[in-house]
Amino acid sequence: MSFPISPVIAQAAAPQPAGGGMSMIIMMVVLFGLMYFMMIRPQMKRQKEHRALIAGLAKGDEVVTNGGIAGRVEEVGETFITVEIAANVKVKVQKGAVQQVLPKGSLKSV
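Going left to right, the sequence shown walks through residues 3 to 112 as the working numbering numbers them.
Printed below as a string of structure tokens:
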């Protein structure tokens with residue numbers, strides 16, 4: 003009794019081409035390098051800029067928070083800042099919630 007699969011198993015495996023493993027390693031290094039320059043490095047640059055922005059906050063700066071609240075900084079604490087959003091209306095927000103610092107004179111109603 004002959005099984006049709008037995009001759010296939012008996013055949014010798016084809017030899018691997020020389021240097022096949024090295025090209026795979028090179029491809030992995032190239033892909034990691036590409037990922038670093040396209041994704042990781044720009045994100046680290048944005049984080050560094052945001053940390054510098056947060057560290058440079060001072061009383062009188064006009065800021066916009068992540069929630070869209072615009073106002074003038076009245077008090078700067080260790081982790082929180084007080085922002086005046088209207089006459090005699092002050093809110094306390096985390097420093098990390100500040101998205102951008104506006105040029106002086108941008109907010110005229112505060």
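By construction, the Cβ of each residue, glycine as well, lies at the ideal position given by its N, Cα and C atoms.
Lys94 has its alpha-carbon roughly 11 angstroms from the corresponding atom of Ile71. Taking a cut-off of 8 angstroms for Cβ pairs, the region 51-60 and the region 96-110 touch, as three or more such pairs fall below it. Under the three-state reduction of DSSP, Glu80 is assigned to coil, being neither helix nor strand. In this structure, Gly69 and Val85 do not form a Cβ contact; the two beta carbons are roughly 11 angstroms apart against a cut-off of 8 angstroms.
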